[in-house]
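A short write-up of the structure that comes next.
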Amino acid sequence: GVGAANISTANAFVSDISTDENRARNFGIIGAAFGLGFIFGPPVGGFLKTNYGIEWVGYVSALLAACNLVLAFFLLPESLKHKNTKGPLFPNPLKEVLRIFPRKDIRSFLLIHFIFITAFSTLQITASLMWENQFGLTEAEVGYTFAFVGVSIALVQGGLIGWLTKRFGEQKLFVTGHFFMFVGLISLPFVPQHYFIPLETIALFCIAVGMAFFTPTLSSLLAQSAGEDEQGKVMGLLQSVGSLSRVIGPFAGGILYGMYYFLPFITAAFFMLITASVAVYIVYHKLQNKKAPRSGTP
């Protein structure tokens, strides 16, 4: 739990060294790096457990963490331009949350993040159950299917987000990600058995693109709203909200799946439309605010 705080710190570091023009691209790259870790980590862990025993999974993980520590200590430069020596060394985390959360722009982004990740997290349990029970996939085939989603997210985040952001802007990608996710979620359980592979692949690719568009652009927009001095706090709060979503999503998805197998996907798609509406509202007002100063110039 404490060690997981390095994710928030990494996001804050990326935000510190980025400009408004390349922030979404940089968040996409770090997101792709995390995605590749989740893709290759489980197979490596399985290989170590099978051939050397479960204890070697912990040994290798600890060794990799030690390598990260050495690299960060000796190679990573300080991103903070001006240190704040006036604030407390150990601030009250609850007080900081209560101070930041009332801000409407930040609260809206966090709410969108919570609903979006909760909807995506329902796939962790319900999709694998549906593929096995309704479409007859084996455990290995389910694993390959999730791997396809992970690789697709990593490729889009690592290779396309920078170009797409320059071409269309992060606000449009932020909104578009919701609609890709909606199309994927609503299509996933209703694919005909005879065309399962091509149509399910398209649905999963839509989900992957939606996730790949959403994550870096949300982080970038949230960092811009927070300002330089509060990016670390806000990124930490973002990770906390995401962790809560990943607990609630599978739990709620399992209950809905027990009622009927397609209910988790329909419910998630419905909430995706809600967050898409909020996202459109936020982006519209952001664009209007950017245009406002120009309209008053002679």
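If you count the sequence shown from 1, you need to add 91 to reach our numbering. Virtual Cβ for every residue (Gly too), placed ideally from N, Cα, C.
About 4 Å separates the CB atoms of Pro280 and Phe353; that is less than 8 Å, so the two are in contact.
In summary, Leu309 is buried, with 16 or more beta-carbon neighbours lying within 10 Å of its beta-carbon over all protein chains present.
DSSP places Ile203 in the helix class (H, G or I) of the three-state scheme.
Note that the C-beta distance between Ile216 and Met363 is not below 9 Å. Annotation: the continuous alpha helix (DSSP H) that includes Gln215 extends over 214-224.
Inclusion of Gly253 and Ile120 in the CB contact set at 9 Å is warranted, their separation being smaller than that value. Taking C-beta separations shorter than 6 Å and ignoring five residues to either side along the sequence, the partners of Thr209 in its chain run Ser336, Ile339, Gly340, following chain order.
Annotation note: the stretch 115-179 contains the following uninterrupted alpha helix (DSSP H) runs of length 4 or greater, listed N- to C-terminal: 146-166. Taking a C-beta distance under 9 Å as the contact criterion, Val371 and Val266 qualify as a contact pair. Taking each of Thr100, Gly122, Ala123, Asn142 in turn and checking the Cα distance to Leu167, the smallest one comes out for Thr100. Taking the CA atoms as reference points, Met221 sits about 44 Å from Val161.
The stretch 298-312 makes contact with the stretch 240-247; the number of CB pairs closer than 8 Å reaches 3 or more.
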